[in-house]
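Here's the structure we're looking at; comments come further down.
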Amino acid sequence: DGGITQSPKYLFRKEGQNVTLSCEQNLNHDAMYWYRQDPGQGLRLIYYSQIVNDFQKGDIAEGYSVSREKKESFPLTVTSAQKNPTAFYLCASSTTSGGVATDTQYFGPGTRLTVL
Amino acid sequence: SQQGEEDPQALSIQEGENATMNCSYKTSINNLQWYRQNSGRGLVHLILIRSNEREKHSGRLRVTLDTSKKSSSLLITASRAADTASYFCATFRQGGKLIFGQGTELSVKP
Numbered sequence: 001d002g003g004i005t006q007s008p009k010y011l012f013r014k015e016g017q018n019v020t021l022s023c024e025q026n027l028n029h030d031a032m033y034w035y036r037q038d039p040g041q042g043l044r045l046i047y048y049s050q051i052v053n054d055f056q057k058g059d060i061a062e063g064y065s066v067s068r069e070k071k072e073s074f075p076l077t078v079t080s081a082q083k084n085p086t087a088f089y090l091c092a093s094s095t096t097s098g099g100v101a102t103d104t105q106y107f108g109p110g111t112r113l114t115v116l
Numbered sequence: 001s002q003q004g005e006e007d008p009q010a011l012s013i014q015e016g017e018n019a020t021m022n023c024s025y026k027t028s029i030n031n032l033q034w035y036r037q038n039s040g041r042g043l044v045h046l047i048l049i050r051s052n053e054r055e056k057h058s059g060r061l062r063v064t065l066d067t068s069k070k071s072s073s074l075l076i077t078a079s080r081a082a083d084t085a086s087y088f089c090a091t092f093r094q095g096g097k098l099i100f101g102q103g104t105e106l107s108v109k110p
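Residue numbers (our numbering), protein chains in the order written: chain C, 1 to 116; chain H, 1 to 110.
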């Protein structure tokens, strides 16, 4: 089956800890994205990457970090600098054309992070 | 920053009725997309309409786009209980970024 997987589904973190959320895709997509969703809200872009070894900040990158060492993987680290990390985190991917992401994004099932 | 504003925020209808959701946006776009999200799950792409198109159909879905008013609507005909979900519009802008609205929560009662 082709698709995007995220793990874990639920994650609990103590204040002051860094945690890493996994995102893997086997769709052969060049572009990958991380979004944050708060209750009753739309999605806000944290980071995105349109090619391996390159990524850009989205609208709310502070307190987060990413890496893109492999095409298939785009892990997100929520650092202790993120003051309000409790949220639902969604990873997505898309194809590119001429190095720019195109059209439809395909989403993983999400990771719900709770800070205790 | 949020690009889209959706209206209504919540909609409750009976099975068999039509559901209409609206989306307004602020700046020029390449295309506009609608996504569906079941509670606690990822988003699923429903339909895309390009800036030079006015109307598009897919099964029970009908999308319209009015670029002069910077607005779009999603119509779901003959709704079913399984259509219960949140629906988001997203505008695709140059540079490959999708900007999402805050969503409409649709409840279809059997």
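For glycine and all other residues, C-beta sits at the position ideal for the given N, C-alpha and C.
Test item: CB-CB of Leu65 of chain H and Leu74 of chain H under 8 angstroms: Taking 8 angstroms as the cut-off, the beta carbon of Leu65 of chain H is found no closer than this to the beta carbon of Leu74 of chain H.
Supposed close pair Ser79 of chain H, Ala19 of chain H - CB separation, criterion 8 angstroms: 5 angstroms
When H:Ser72, H:Phe100, H:Leu106 are compared against Ser24 of chain H, the one with the closest alpha-carbon: H:Ser72
Helix, strand or coil at Asp38 of chain C according to DSSP, with G and I counted as helix: DSSP, read as helix, strand or coil, puts Asp38 of chain C in coil.
According to DSSP, residues forming a beta bridge with Leu27 of chain C: Partner(s): none; Leu27 of chain C has no beta bridge.
Residues in the region 28-54 of chain C having any Cβ partner in chain H nearer than 9 angstroms: Cβ contacts with chain H: Ala31, Tyr33, Tyr35, Gln37, Gly40, Gln41, Gly42, Leu43, Arg44, Leu45, Tyr48, Gln50.
Test item: CB-CB of Gln25 of chain C and Glu72 of chain C under 8 angstroms: Cβ atoms of Gln25 of chain C and Glu72 of chain C: closer than 8 angstroms.
Leu90 of chain C at chain H interface by Cβ criterion, 8 angstroms: yes
For Asp83 of chain H, three-class secondary structure by DSSP: Asp83 of chain H falls in the helix class under three-state DSSP.
Alpha-carbon spacing of His57 of chain H relative to Gly110 of chain C, whole angstroms: 29 angstroms
Identity of the residue in H:Phe88, H:Arg41, H:Thr104 nearest Leu98 of chain H by Cα: H:Phe88
Interface flag, Gly96 of chain H vs chain C, CB-CB below 8 angstroms: yes
Closest residue to Ile91 of chain H among H:Arg41, H:Asp7, H:Lys26 (Cα-Cα distance): Per the sequence shown, residue 91 of chain H should be read as Thr rather than Ile. Among H:Arg41, H:Asp7, H:Lys26, the Cα nearest to that of Thr91 of chain H is on H:Lys26.
Cβ neighbours of Arg13 of chain C in the same chain (closer than 6 angstroms, five flanking residues each side left out): Val19, Val115
Backbone secondary structure at Gln9 of chain H - three-state DSSP: coil
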